[in-house]
């Protein structure tokens, strides 16, 4: 590193929260430096203290939180003990901040131009006219087309990516020396994520701004940062140059993060298991190999009387081979969730047909629809919203059995216990409520509920997108394991190609309601035919030289072909 | 011990104490006063508050404190009936409208709008004239007036909960409409309704007292709170305690009910 004084230097920082039982420390002895113009990534799973550390630098700790010891030096001046008032001269002017959630970080009732102008006004930079000029210039610089129009628009009129650009414009408005970006792309699609990270990179190169990038995704860190700081349980476990950390991780925790980052670890593509050879070929040939066939699905939404209807799903056809995972990938708005809802019979298609196990299931209603739902189960994206907060875990899991009148109270409770064990949760969660569980644990409960009626097909709608990479990796392992043991078929809806590459056997790429490419995952990912697929693949954060990844990829456990495939849950 | 005390909010403790005392008045009034609420001693008429007569005496020498204590049962039971009528009727309408949607929703909610458009007191008076005078009828009249508020709140809660993922997930796991309603929608939407019920309890006491004051509630010589205030009206210039003290009791109870309702709303 250069011999110049670091721009930001955190020395032995301890942060704690005041609680009823006294002060509870959450960050211990954190020391790190950011040189001028450098990108440092602060990596860790949720609860590791990375956001607390970055908030402490800005003096924006939540109620009750404060720095207990150590120093935060900005160009040599210790700002750790500064009052809010004194820090105001630093925030925005010398340290910019890009928040995580672009949806809730902008004031919904004021045009974005006014909100950006406020930054200049608060810091007393320029009069009304010159501020307006600078706002338009800023909006142009962060890549928004027609800045004059955008400045007049309200946040709800902009997409998530555009809103994040506005927040970046706000962070760099006063040309700060340091920008703290707290998970700036976690809420965004991969392609948008790439563009936003490119923009931050570009602004950094133009102005020599240093960036402290807080992220749970080691893939993003590997692609963008010069140095990586790994945090766990409020302590720094490892830090160093990106190359060094990635090539020779010193700590087991870093190695686990590396293996879990879907874009970094090289997983072998999955292939459908060869058919069992001990079967009568005649019977095997007569059996329908597809658990689900969708053909020519169309779904239109009316936009008003005079306007043409919006085609959310346009002539979508695909098949899911029994016992395999078929993935549908695409950005938000591509129609993939609508497709999943048509399959699960939560929406009716305007045209086309769905058949499950060879029987037509397009126009089911009443009791036939209920019977169908026993065979197709859906797992939702947000495990915080998909579980009834007033029920216990055991009640949640046994609900499908209760609805279908399977067994009596005692056998249902026994099934719930078995399923809790099946999804690798401790037995004592049975009596707890969802609020007491972590996100990953809740998603396991949701999976257990989906398995309860012994379905043939499980639809996973962005089921791992809301989870940290490490938790996500564990859930993916669980899904693979359940598939191998129970012979389940999955329809996996996701925007994350790295995850899809890992979990699926076959894939359909959707864009604007149409399938642009589909086939075996290996074939589509190794030799993409459509430009859009290539764009999606390029957007996956990974190191420049993927081939050089030195970590031994934990290969999927080889399954001996003689394992019975019956879906015996008992 | 000190840590436990720190979590207690003093305002809420006072509110619960007031309500507890008033409920005790209603259940065991003879523990609080040994005098007769109906029979007066003419020699002691219109005496100011003193040790012997805590709230003073009225025009025919009845002890006012005794009358307030014995009046609690009328006001509280009246408020209870009123809230029950509003809660049951309103929640039923709201849940029906929210869960069935479509034409049912439109028709029920327009009816509720009509109910809201009539001034509360006018509505209550009309109902009393239809049903006849009396404490229970006055309570029912007040309850009907609050049906609209309960219906709107419970409908909005039901509509909110119905959009939750876990309700769709319940349908996805094969539940029928009534099972989803009773297992998921009702338990998750009733907290706010319970908060409103506590708020309405205070409002109902006030409304019943108003009706009593106007002479549409309990007939004299029932010591109902509103009636007490009305009877004291003629002596405002000379005997302030006849209106002020029962009035303060009503104010204290209504404020306490509001405070408790606020706390119920916050803990959900």
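Chains as they are written, first to last, in my numbering: chain L, 291 to 860; chain C, 27 to 294. For every residue, glycine included, the Cβ atom is placed at its ideal position computed from N, Cα and C.
Taking 8 Å as the CB-CB limit, is residue i close to chain C?
{"i": "residue 670(L)", "result": "yes"}
{"i": "residue 634(L)", "result": "yes"}
{"i": "residue 656(L)", "result": "no"}
{"i": "residue 690(L)", "result": "yes"}
{"i": "residue 545(L)", "result": "no"}
{"i": "residue 493(L)", "result": "no"}
{"i": "residue 314(L)", "result": "no"}
{"i": "residue 779(L)", "result": "no"}
{"i": "residue 837(L)", "result": "Bear in mind that a pLDDT of 35 at residue 837(L), under 50, signals an unreliable position, so the number given afterwards is only what the model happens to contain. No, its Cβ sits nowhere closer than 8 Å to a Cβ of chain C."}
{"i": "residue 784(L)", "result": "no"}
{"i": "residue 308(L)", "result": "no"}
{"i": "residue 582(L)", "result": "no"}
{"i": "residue 680(L)", "result": "yes"}
{"i": "residue 622(L)", "result": "no"}
{"i": "residue 794(L)", "result": "no"}
{"i": "residue 675(L)", "result": "yes"}
{"i": "residue 660(L)", "result": "yes"}
Does the beta-carbon of residue i have 16 or more other beta-carbons within 10 angstroms, so that it is buried, or is it exposed?
{"i": "residue 466(L)", "result": "buried"}
{"i": "residue 626(L)", "result": "buried"}
{"i": "residue 136(C)", "result": "exposed"}
{"i": "residue 733(L)", "result": "buried"}
{"i": "residue 312(L)", "result": "exposed"}
{"i": "residue 64(C)", "result": "exposed"}
{"i": "residue 302(L)", "result": "exposed"}
{"i": "residue 367(L)", "result": "exposed"}
{"i": "residue 170(C)", "result": "buried"}
{"i": "residue 163(C)", "result": "buried"}
{"i": "residue 306(L)", "result": "buried"}
{"i": "residue 837(L)", "result": "Residue placement at residue 837(L) cannot be trusted, given a pLDDT of 35 that sits under 50; what the coordinates show is reported in the next sentence. By the neighbour-count rule (16 or more Cβ atoms within 10 Å), residue 837(L) is not buried but exposed."}
{"i": "residue 260(C)", "result": "exposed"}
Can you name, in chain order, every residue of its own chain whose Cβ lies under 6 Å from the Cβ of residue i, other than the five neighbours on each side?
{"i": "residue 196(C)", "result": "206, 210"}
{"i": "residue 52(C)", "result": "98, 99, 102"}
{"i": "residue 822(L)", "result": "801, 806"}
{"i": "residue 606(L)", "result": "587, 629, 805"}
{"i": "residue 794(L)", "result": "615, 617, 782, 811"}
{"i": "residue 755(L)", "result": "671"}
Residue range of the alpha helix (DSSP H) that residue i falls in?
{"i": "residue 741(L)", "result": "729-741"}
{"i": "residue 706(L)", "result": "699-712"}
{"i": "residue 617(L)", "result": "Not the alpha helix (DSSP H): residue 617(L) falls in the beta strand (DSSP E), residues 615-619."}
{"i": "residue 500(L)", "result": "Taken as a continuous stretch (DSSP letters only), residue 500(L) belongs to no alpha helix (DSSP H), being part of the beta strand (DSSP E) at 500-505."}
{"i": "residue 497(L)", "result": "480-497"}
{"i": "residue 105(C)", "result": "90-126"}
Along the chain, where does the beta strand (DSSP E) that runs through residue i open and close?
{"i": "residue 338(L)", "result": "Run containing residue 338(L): none; DSSP gives neither H nor E here."}
{"i": "residue 522(L)", "result": "517-522"}
{"i": "residue 806(L)", "result": "804-810"}
{"i": "residue 667(L)", "result": "666-669"}
{"i": "residue 309(L)", "result": "298-309"}
{"i": "residue 751(L)", "result": "747-751"}
Is there a C-beta anywhere in chain L that falls below 8 Å from the one on residue i?
{"i": "residue 261(C)", "result": "no"}
{"i": "residue 204(C)", "result": "no"}
{"i": "residue 23(C)", "result": "The structure shown does not extend to residue 23(C), since chain C is modelled only from 27 to 294, so the question has no answer here."}
{"i": "residue 190(C)", "result": "yes"}
{"i": "residue 198(C)", "result": "yes"}
{"i": "residue 210(C)", "result": "yes"}
{"i": "residue 183(C)", "result": "no"}
{"i": "residue 194(C)", "result": "yes"}
{"i": "residue 298(C)", "result": "Since the first residue shown for chain C is 27 and the last is 294, residue 298(C) is missing from the structure and cannot be characterised."}
{"i": "residue 98(C)", "result": "no"}
Just to confirm my understanding: we take residue i, look at its own chain, exclude 5 residues before and 5 after, and list those with CB closer than 8 Å. What are they?
{"i": "residue 603(L)", "result": "587, 588, 589, 625, 628, 629, 632, 639, 803"}
{"i": "residue 835(L)", "result": "For residue 835(L), the predicted model reports a pLDDT of 40, less than 50, meaning its position is unreliable; a value from the coordinates is still stated below. Cβ neighbours of residue 835(L) beyond the five flanking positions: none."}
Going along the chain, which residues of its own chain have a beta-carbon closer than 7 Å to the beta-carbon of residue i, five neighbours each way excluded?
{"i": "residue 694(L)", "result": "664, 743"}
{"i": "residue 493(L)", "result": "462, 499"}
Open item on the list: Along the stretch 692-711 of chain L, where does the CB come closer than 7 Å to a CB of chain C? Name the residues.
Closed with: 693, 694
Open item on the list: Under 9 Å, CB to CB, which of the residues in the stretch 727-758 of chain L have a partner in chain C?
Closed with: 736, 739, 740, 742, 743
Task: Residues in the stretch 222-252 of chain C having any Cβ partner in chain L nearer than 8 Å - done: Correct list: empty, as no residue qualifies.
Task: Within 8 Å of chain C by C-beta, residues of the stretch 588-600 of chain L in sequence order - done: none
- [ ] Pull out every residue of the stretch 385-410 of chain L whose Cβ sits closer than 9 Å to any Cβ of chain C, in chain order.
- [x] The stretch 385-410 of chain L vs chain C, Cβ under 9 Å: nothing.
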